[in-house]
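K.L.:
Note that the working numbering has the sequence shown beginning at -7, numbered continuously upward.
By construction, the Cβ of each residue, glycine as well, lies at the ideal position given by its N, Cα and C atoms.
Please find one structure pasted underneath; my questions will follow.
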Amino acid sequence: MQRDHVDLTNREREVLQYIIQNFIVTANPIASKTLIEKHNLNVSSATIRNDMNSLELKGYLDHPHTSSGRVPTELGYRFYVNSLMQVSRLSNEEQKVLDDFSETLVSDFDDAVQSAARLLARLSNLLAVTITPKLADGIFKRMELIELSSTRILIVLTIDSGLMRTLTIEAQTSIQRGNLEKIARVLNERLSGLRLNKISKKIGEMLADYEKDDDTGLIRIFIDRADSIFEDRQVRKFHFGGVEYIALQPEFSDLSNYRGIIELLEKEDLIVHLLEDNMDESKDAVRIRIGTENRLQQIEQCSVVSANYNIGSIRGTIGLVGPTRMDYARMVALVDQLAGRFNRVKFDT
């Protein structure tokens, strides 16, 4: 859908921008008379119609059969986003809402990620998606081993961001507290500074020499259960908000379009494809995919605005899904600001 845009005159760019801005608000085709009246253009209606015809021939506008007005095409939106759009400034009230939300991040991160989806949906009136980071991408900081009973041990694993996970393991024999402290010390010395997913693959080599002298059998348990201890594939979570909002958008009065949204909510692999597939293509910038750029038939009539957020060395994603007619300038600002709130969180560890 990309092309060289040097074929647009300055007035055609202006006309395209005004048509898109008006269409975002009204969801109705925009006629030349509307542009002249709303934007005080010092040219005739015939001149604007000629510009609109030219933009249509070049692929930036479409002409619905039931109207004399024009609507933007994917190419029109793409040019607008790349070359004409200025990111909106959020209101003081919106900034305060985001600031208040930031205060909840440290106290309960998992709940905050879920709350972020609801907040983003409420501010945008679109479908919001948040994805928690993969703990296995984090860097090992420390591990505590806490005796629950003579054979039952609580593992508290902390990564560099300060995020933690806990799990319990059962030893084959009774283990004294002194041995627990000794093994924890060895694990912290050998594993500190390494990514958890690397530890899960290499821990046997890292602890081979110490395992020979470990009569508790605990080191063997860590080696045998490395995948469940360090990978934790079930920890990644997807949260949604705003299904009730997006259903009110006029584009989704067409059940075939709305059915695609429902399928997106029901199939986790579609969300993975939509948001995670390109997490590394633009590490910090907000990404915008318009219509068929999403490469998902279910949402060919939708656009997606997403950004990564970073908690230490691990990365999650937040995003908005809505009609291609969405207010891109404001949605980019919302996603960028919310991702920035996550990025600035400092955990006490």
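To which residues of the same chain is threonine 208 closer than 6 Å at the C-beta, ignoring the five residues directly before and after it?
P.N.:
Cβ neighbours of threonine 208 beyond the five flanking positions: Ile167 and Asn171.
K.L.:
Less than 8 Å between the beta carbons of serine 94 and arginine 307, yes or no?
P.N.:
No, the pair does not count as a contact, with Cβ atoms beyond the cut-off.
K.L.:
Give the list of continuous alpha helix (DSSP H) stretches no shorter than 4 residues that lie fully inside the stretch 118 to 190.
P.N.:
Segments of the alpha helix (DSSP H) lying fully in the stretch 118 to 190: 169 to 183.
K.L.:
Take the Cβ of glutamine 289 as the centre, count every other Cβ of all protein chains shown within 10 Å, and call the residue buried at 16 or more, exposed below.
P.N.:
Exposed is the call here.
K.L.:
Within this structure, are the beta carbons of leucine 112 and isoleucine 310 separated by less than 8 Å?
P.N.:
Yes, they are a contact pair.
K.L.:
I'd like the list of long-range same chain contacts for asparagine 14, defined as Cβ closer than 6 Å, with 5 residues on each side in sequence excluded.
P.N.:
Cβ neighbours of asparagine 14 beyond the five flanking positions: Ile22.
K.L.:
For the alpha helix (DSSP H) holding histidine 231, just list the boundary residues, first then last.
P.N.:
Counting along the chain, histidine 231 falls outside any alpha helix (DSSP H), though it belongs to the beta strand (DSSP E) covering 230 to 233.
K.L.:
At what residues does the alpha helix (DSSP H) containing tyrosine 202 begin and finish?
P.N.:
From DSSP, the alpha helix (DSSP H) with tyrosine 202 extends over 200 to 203.
K.L.:
Hey, could you find the ends of the beta strand (DSSP E) glycine 311 is sitting in?
P.N.:
Where glycine 311 is concerned, the enclosing beta strand (DSSP E) stretches over 306 to 315.
K.L.:
Please state whether DSSP places alanine 23 in a helix, a strand or coil.
P.N.:
It is coil, neither helix nor strand.
K.L.:
Got a sec? Which residues, its chain only, sit under 7 Å from arginine 3 by beta carbon, not counting five neighbours each side?
P.N.:
Excluding positions up to five away in sequence, the list reads Asp43.
K.L.:
Within the continuous beta strand (DSSP E) that includes asparagine 377, where are the two ends?
P.N.:
Here the chain covers residues -7 to 341 and nothing more, so residue 377 does not appear.
K.L.:
On a CA-only basis, which of Arg70, Asn335 and Val7 is nearest asparagine 45? Give me that one, please.
P.N.:
The residue with the shortest Cα to Cα distance from asparagine 45 is Val7.
K.L.:
What would DSSP say about proline 242, mapped onto helix, strand or coil?
P.N.:
Helix.
K.L.:
Kindly indicate the opening and closing residues of the beta strand (DSSP E) around arginine 281.
P.N.:
Run containing arginine 281: 279 to 282, per the beta strand (DSSP E) assignment.
K.L.:
Between the C-alpha atoms of asparagine 335 and leucine 256, what's the straight-line distance to the nearest angstrom?
P.N.:
Rounded to whole angstroms, asparagine 335 to leucine 256 spans 27 Å at the Cα level.
K.L.:
Looking at chain D, is there any beta carbon in it that lies within less than 8 Å of the beta carbon of leucine 82?
P.N.:
Judged by its chain identifiers, the structure shown contains no chain D, having just a single protein chain.
K.L.:
Return the chain-ordered list of same chain residues with a C-beta closer than 7 Å to the C-beta of leucine 47, the five sequence neighbours on each side being excluded.
P.N.:
Same-chain partners within the cutoff: Glu4, Val7, Leu8 and Leu53.
K.L.:
Report yes if the C-beta distance between arginine 281 and serine 295 is below 8 Å; otherwise report no.
P.N.:
The answer is yes: Cβ separation under 8 Å.
K.L.:
Is arginine 363 helix, strand or coil by DSSP?
P.N.:
Residue 363 falls outside the range modelled here, since the chain spans only -7 to 341, and no answer is possible.
K.L.:
Are leucine 312 and alanine 19 closer than 8 Å when you measure CB to CB?
P.N.:
Contact: no.
K.L.:
In or out: glutamine -6 buried (at least 16 other Cβ within 10 Å) or exposed?
P.N.:
Any answer about glutamine -6 is weak, because its pLDDT of 49 lies below 50 and its placement is not dependable; what the coordinates show is given next. Flag for glutamine -6 reads exposed.
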